[in-house]
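Engineer:
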Ligand SMILES: Cc1cc2nc3c(=O)[nH]c(=O)nc-3n(C[C@H](O)[C@H](O)[C@H](O)COP(=O)(O)OP(=O)(O)OC[C@H]3O[C@@H](n4cnc5c(N)ncnc54)[C@H](O)[C@@H]3O)c2cc1C
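In the numbering used here, the protein residues as written are 722 to 998.
1) Short of 7 Å in beta carbon distance, which residues of its chain neighbour residue 976, apart from the five on each side in sequence? Order them along the chain.
2) Does the Cβ of residue 929 have 16 or more other Cβ atoms within 10 Å, making it buried, or fewer, making it exposed?
3) Is the beta carbon of residue 867 sitting closer than 7 Å to the one on residue 849?
4) Ignore the nearest five residues each way along the sequence and tell me which others in residue 803's own chain have a CB closer than 6 Å to its CB.
5) From the DSSP output, which residues share a beta bridge with residue 929?
6) Drop a sphere of 10 angstroms on the beta-carbon of residue 878, count the other beta-carbons inside from all chains shown, and report buried for 16 or more, exposed for fewer.
7) What's the call for residue 775, buried or exposed, on a 16-neighbour Cβ count within 10 Å?
8) Near residue 914, what residues of its chain come up, given a Cβ to Cβ distance below 6 Å and the 5 sequence neighbours on each side ignored?
9) Quick one: what does DSSP say residue 923 is sitting in, helix, strand or coil?
10) Is residue 754 close to ligand 1? I mean its beta-carbon at under 6 Å from any heavy atom of the ligand.
11) Among residues of its own chain, excluding the 5 on either side of residue 785, which ones have a beta-carbon nearer than 6 Å to its beta-carbon?
12) Give me the residue from 824, 780, 747 with the minimum Cα distance to residue 795.
13) Using alpha carbons as the reference points, say which of 996, 768, 762, 900 lies closest to residue 727.
14) If you pair each beta-carbon of the region 802 to 820 with each one of the region 832 to 844, do three or more pairs fall below 8 Å?
15) Using only the heavy atoms of ligand 1, determine whether one of them is closer than 6 Å to the beta carbon of residue 837.
16) Between which two residues does the alpha helix (DSSP H) harbouring residue 896 extend?
17) Output the distance between the C-alpha atoms of residue 901 and residue 735, rounded to the nearest integer angstrom.
18) Within its chain, find whatever has a CB closer than 8 Å to the CB of residue 744; leave out the 5 residues flanking it on each side and keep chain order.
19) My guess is that residue 942 and residue 962 are in contact by the Cβ rule of under 8 Å, so how many angstroms apart are they, rounded?
20) In the DSSP assignment, what residue or residues form a beta bridge with residue 890?
21) Confirm, please, whether the CB-CB distance from residue 944 to residue 964 is below 7 Å.
22) Are the beta-carbon atoms of residue 897 and residue 966 separated by less than 7 Å?
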């Protein structure tokens, strides 16, 4: 098995083009467990040493999170309250060792329905920056994730960053995750709630749910119902608000359990976020 650690993006893209069977690896915390007993790929391209791929920078249009930024980097960064949900999700990804190695882009590219980073980034309306042999393009995260383990990434492309646009003034956010135990656990369901208020009333809301559909979903009916409600009385999540979800039954819980858990988690996340308005 060949293992290359390019420091320039062009070298990584050339190596990908040269070795048709090459696979990208970052922290390896999804990649290596998924290999199991199967054959190792001929060529691995480690993207964590590429210049400019790690770290968080504030830009004129918001924030740029380099693809190889780890969950621990997110936890240490001085980010405003609109990132509280993402920070809380970072704290929930595996253990400290996993947070030190696991990257934001790895979480997105793995495209697990239970990826904890996805709901907070969807609620921030994040975009994924993708470099390819011919061009660099950007896709909204909602268009990048196509299904279970399916993304819009084409052969020969590398995710280089996640862009978070400037958020409405005063946005607060919260993340709630349900697992079968408190730590080191795959989500049964998780919710991110991002809200902002004007003169005591909710002016805007984005609520996203993971692990209750092939790809995490926003809940537009719930978001609409929240707008205009008093901050101290946001109302309750109702079954009709959950229409975009299609929870399944698996070893972690039944579909009915997931549906009930989402309802409760939405209410808790919304109230937790609003406590900081
Ligand atoms: C013990 C354990 C506990 C875990 N707990 C959680 C948890 O609680 N919540 C959670 O969400 N996840 C969890 N995970 C999964 C994993 O840690 C995260 O998804 C992590 O963010 C993956 O990042 P990585 O850098 O390790 O990805 P890798 O394993 O390196 O890569 C994952 C996939 O993304 C691709 N990839 C990586 N970077 C790029 C890039 N820049 N461009 C294109 N493709 C790329 C790789 O080719 C691979 O297909 C856990 C894993 C373990 C082993």
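Yeah, the Cβ is synthetic: ideal placement off N, Cα and C, and Gly gets one too.
Structural biologist: Straight from the coordinates:
1) Here residue 976 refers to the residue found at position 255 when the chain shown is read from its first residue. Only 968, 969, 970 meet the Cβ criterion.
2) Here residue 929 refers to the residue found at position 208 of the chain shown. So residue 929 counts as buried.
3) One-based indexing of the chain shown puts residue 867 at position 146. One-based indexing of the chain shown puts residue 849 at position 128. Not in contact: residue 867 and residue 849 (Cβ atoms no closer than 7 Å).
4) Reading the chain shown from its first residue, position 82 is the one you call residue 803. Taken in chain order, the residues that qualify are 888, 892, 894.
5) Numbered from its first residue, the chain shown carries residue 929 at position 208. For residue 929, which the question treats as bridged, DSSP gives the partners 913, 939.
6) Against the chain shown, residue 878 aligns to sequence position 157. With 16 or more other Cβ atoms within 10 Å, it is buried.
7) Walking along the chain shown from the start, residue 775 turns up at place 54. It is buried - the Cβ of residue 775 has at least 16 other Cβ atoms within 10 Å.
8) Position 193 of the chain shown, counted from the first residue, corresponds to residue 914. Counting only Cβ-Cβ distances below 6 Å, and skipping sequence neighbours, we find 895, 928, 990, 991, 994.
9) Indexing the chain shown from 1 puts residue 923 at position 202. Three-state result, residue 923: strand.
10) Numbered from 1 along the chain shown, position 33 holds the residue referred to as residue 754. Yes, the beta carbon of residue 754 sits closer than 6 Å to at least one heavy atom of ligand 1.
11) The residue you call residue 785 lines up with position 64 of the chain shown. Cβ neighbours of residue 785 beyond the five flanking positions: 778, 882, 884.
12) Translated into the one-based positions of the chain shown, residue 795 becomes position 74. It is 824 whose Cα lies nearest to the Cα of residue 795.
13) For the purposes of this step, residue 727 is identified with residue 6 of the chain shown, where counting begins at 1. Answer by Cα proximity: 768.
14) yes
15) Indexing the chain shown from 1 puts residue 837 at position 116. Because some heavy atom of ligand 1 lies under 6 Å away, the Cβ of residue 837 counts as near it: yes.
16) Mapped onto the chain shown, residue 896 falls at position 175. Premise fails: residue 896 lies in the beta strand (DSSP E), 893 to 899, not in any alpha helix (DSSP H).
17) Along the chain shown, one-based indexing puts residue 901 at 180. Along the chain shown, one-based indexing puts residue 735 at 14. Cα to Cα, residue 901 sits roughly 44 Å from residue 735.
18) Locating residue 744 in the chain shown gives position 23, counting from the first residue. Closer than 8 Å at Cβ, skipping near neighbours: 752, 762, 764, 765, 766.
19) Your numbering for residue 942 matches position 221 in the chain shown. Your numbering for residue 962 matches position 241 in the chain shown. Indeed they touch by this definition, with Cβ atoms about 5 Å apart.
20) What you label residue 890 is simply residue 169 of the chain shown in a count that begins at 1. Its beta-bridge partners do not exist; DSSP assigns none.
21) Locating residue 964 in the chain shown gives position 243, where the first residue counts as 1. Locating residue 944 in the chain shown gives position 223, where the first residue counts as 1. Not closer than 7 Å, so no.
22) Locating residue 897 in the chain shown gives position 176, where the first residue counts as 1. Locating residue 966 in the chain shown gives position 245, where the first residue counts as 1. No, these two residues do not count as a Cβ contact at 7 Å.
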